[in-house]
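To start, the structure under review is shown below, and the notes come after it.
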Amino acid sequence: MHIGIKILSISSVFFSSVPFIYYMNWFQGDFTVTVHVAPAVVLVGQAVTLSCHLIGKVPANIQVHWYKLERNKNTTLYFYNSTAKGTELGRAGDRHRIKGRYGNGVVMVKLLPVQVEDSGQYVCAVTSDGVYKEDIVQVTVPGFGSAPRLTIEHNQNNSITLRCTSQGWYPQPEVRWTDSTGQKITAMAETRIQKDVTELYQIHSTLRVADTASDTISCTIRNPLLKRHRKKVIAISGFFDVEAEHGIITAVIGENAILPCRLITKYLPPSMELQWRKVGPGKDKTIYLYLYDEISPLVNSYPQDDKCSMSYLSPNGVNSREWLRKKYEKKAEVFKGKEFGKGNISLKLNNIQVEDKGKYVCSATANSFHREIITEVLVIGKKGLELEKADLSNSIILSPQEPAQACPFSTAHFIAMSIIVLKPPNNGISTSSIG
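Take the sequence shown: its letters are residues 1 to 435, numbered as in UniProt numbering.
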């Protein structure tokens, strides 16, 4: 749409100092100016293209000026002068993300990546031999933030605290909490919404629940401009924790070491990830990973005794939900049977060597609820055993004796035991097969 210059914006001084025939030429000429924006609504971080089309008989001598309307001073994006073979003027500090070009009567400007401050009106002004024409376009830059991160904490008074966090929103979003029936419980929450240095909004919302019959609680964040939302649901009936009696283990070279870890859970989440990994500066090496799913357990009937099977079934085969690093196939063992039924998910490392020293993490994750503990393994020679016992009075020294309940990792063993740990019957733990 062609827009002529607004007469009201021209001062009386200007009219008195410029011949009438000259400013009347602003509304004449054999061409029109039309601008387009694609897309009209562009998300933060994406690209937007502004195009100015000169339609009709375009004079050879023209100047095209793309600029943004500002309250105090207009900001130049791109300037083209046919007599000077083209001149580009980008905003100070923004030339690396503004690209402009002229060709065949079209002046295009591309902004990438766009920011919140890029929202506003943009003008393409064309001047040629006393003729002035312009068109204006609106650019809207909303932010569709990150998916909510929903965490859960236990309190000593048997209540729970849910925390919902997200960032990257614009304009200011709406936060809504609901239970499993869809009832709004937002009034119970404490929500803080604030801008960061990029003018995007960050959300920190806390909900404390003392007693509820709801199985799930959801946190929803909605962009009112886009009319789109992101939602996160957490099952509050699947609380669990992991713990260990000792945070430091001193092991003797050539002997075996047990890294303690106990899973404490009252109710079963529909799925859970159990993992052992070794961590250190610049490295994070997974030793064992198991993805539990109650809908389709891999193995649901296996003798639940405490004796070790002589055979070894490699979990690196067709089983896609259980994985053991090949290096640890003969080195790593896990408790099973009655011990596993008590939540004992400890890791046993055979034939300790110097390279086994370091920090090991036992973790459990379900419904964005994550718990982990870190156990540090110190390795000494047999001659230094007595000295280490004296120096590390707060740690445990492992004896060379092996517990009868520890068995090699295997797909059949671990999965059957996982079902027992995570899904006890109402009257307690059972060691019978689950069909």
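Think of the CB as a built atom: it goes at the ideal place given N, C-alpha and C, for glycine as much as any other residue.
Measuring only the C-alpha atoms, how far is glutamine 194 from valine 42? Computed Cα separation, rounded: 22 Å.
Rounded to whole angstroms, what is the Cα-Cα separation between serine 301 and tyrosine 292? The predicted model places serine 301 with a pLDDT of 30, which falls under 50 and marks its position as unreliable; any figure quoted below should be read in that light. The alpha-carbon of serine 301 is positioned some 15 Å away from that of tyrosine 292.
Nearest to glutamate 329 by alpha carbon, out of Thr186, Gly343, Glu339 and Asn350? With distances taken between Cα atoms, glutamate 329 lies closest to Asn350.
Could you pull the DSSP bridge partners for aspartate 118 from this structure? In the DSSP output, where bridge partners are listed per residue, aspartate 118 has none listed.
For lysine 331, which residues from the same chain have a beta carbon less than 8 Å from its beta carbon, with the 5 sequence-adjacent residues on both sides left out? Answer for lysine 331: Leu349, Asn350 and Asn351, listed in chain order.
Backbone CA spacing between histidine 229 and leucine 150 [nearest angstrom]: If you take the alpha carbons of histidine 229 and leucine 150, they lie about 15 Å apart.
Give every residue of the same chain whose Cβ lies closer than 6 Å to the Cβ of tyrosine 360, excluding the five residues on either side of it in the sequence, and list them in chain order. So the list reads Leu259, Lys278 and Thr375, once near-sequence residues are dropped.
Would you call the segment 118-137 and the segment 155-169 in contact, with 3 or more CB pairs under 8 Å? In short, these stretches do not touch, since the Cβ pair count stays below three.
Do you know how far the Cα of cysteine 164 is from the Cα of tryptophan 177? Cα atoms of tryptophan 177 and cysteine 164: separation of roughly 9 Å, rounded to the nearest angstrom.
Could you pull the DSSP bridge partners for methionine 272 from this structure? Note: methionine 272 is bridge-paired with Tyr292 in the DSSP secondary-structure output.
How would you call isoleucine 264, buried or exposed, if buried means at least 16 neighbouring beta carbons within 10 angstroms? By the 10 Å Cβ count, isoleucine 264 comes out exposed.
Taking Cβ positions, are glycine 182 and glycine 168 nearer each other than 9 Å? The Cβ atoms of glycine 182 and glycine 168 do not sit closer than 9 Å to each other.
For threonine 186, collect the residues of the same chain with a Cβ closer than 6 Å to its Cβ; drop the 5 residues on either side in sequence, then sort them by chain order. Excluding sequence neighbours, threonine 186 sits near Arg176 and Trp177.
Same chain, Cβ closer than 6 Å to valine 354, five either side skipped, listed in chain order: So the qualifying residues of the chain are Val379.
Kindly confirm or deny that the segment 45-58 and the segment 104-120 touch, where touching means at least three C-beta pairs closer than 8 Å. A contact exists between the segment 45-58 and the segment 104-120.
In this structure, does DSSP put arginine 325 in helix, strand or coil? In the structure shown, arginine 325 sits in coil (DSSP, three-state: anything other than H, G, I, E or B).
Mind checking who glutamine 202 pairs with in its DSSP beta bridge? Looking at the DSSP assignment, glutamine 202 forms a beta bridge with Gln167 and Gln194.
From what residue to what residue does the beta strand (DSSP E) around asparagine 81 run? It spans 75-81 - the beta strand (DSSP E) in which asparagine 81 sits, taken as one unbroken run.
Taking Cβ to Cβ, would you say leucine 289 is nearer than 9 Å to glutamate 333? The Cβ atoms of leucine 289 and glutamate 333 do not sit closer than 9 Å to each other.
Helix, strand or coil for glutamate 245 per DSSP? Note: glutamate 245 maps to coil in three-state DSSP.
For the beta strand (DSSP E) containing glycine 103, list its first residue and its last residue. Element bounds for glycine 103: 98-103.
Using 10 angstroms around the beta-carbon of arginine 262, count the other beta-carbons present and answer buried if the total reaches 16, otherwise exposed. By the neighbour-count criterion, in which a residue is buried when 16 or more other Cβ atoms sit within 10 angstroms of its Cβ, arginine 262 is buried.
By how many angstroms is the C-alpha of valine 106 removed from the C-alpha of residue 439? The first residue shown for the chain is 1 and the last is 435, placing residue 439 beyond what the model contains.
Does the segment 132-140 come close enough to the segment 189-209 to have 3 or more Cβ pairs within less than 8 Å? Using a C-beta cut-off of 8 Å, the segment 132-140 makes no contact with the segment 189-209, since fewer than three inter-stretch Cβ pairs fall below that distance.
Identify which residue in Arg222, Ile253 and Ala366 has its Cα closest to the Cα of isoleucine 236. Comparing Cα-Cα distances from isoleucine 236 to each of Arg222, Ile253 and Ala366, the minimum goes to Ala366.
Option nearest isoleucine 221 by Cα separation, candidates Asp215, Ile152, Lys231 and Thr250: For the residues Asp215, Ile152, Lys231 and Thr250, the minimum Cα distance to isoleucine 221 belongs to Lys231.
Please report the residue range of the beta strand (DSSP E) in which isoleucine 345 lies. From DSSP, isoleucine 345 is part of no beta strand (DSSP E); its letter is neither H nor E.
Out of curiosity, what's the CA-to-CA distance linking arginine 101 and valine 37? If you draw a straight line from the Cα of arginine 101 to the Cα of valine 37, it is about 15 Å long.
Give me the Cα-Cα distance between proline 142 and tyrosine 78, rounded to the nearest whole angstrom. Approximately 24 Å between the Cα atoms of the pair.
Thinking just about the alpha-carbon of each residue, which of Ile203, Met108 and Pro39 is nearest to the one in proline 171? Of the listed residues, the one whose Cα sits closest to proline 171 is Ile203.
Under the rule that 16 or more other beta-carbon atoms within 10 Å means buried, what is glutamate 255, buried or exposed? So glutamate 255 counts as buried.
Bounding residues of the beta strand (DSSP E) (the contiguous stretch that carries arginine 228): Counting along the chain, the beta strand (DSSP E) containing arginine 228 begins and ends at 228-235.
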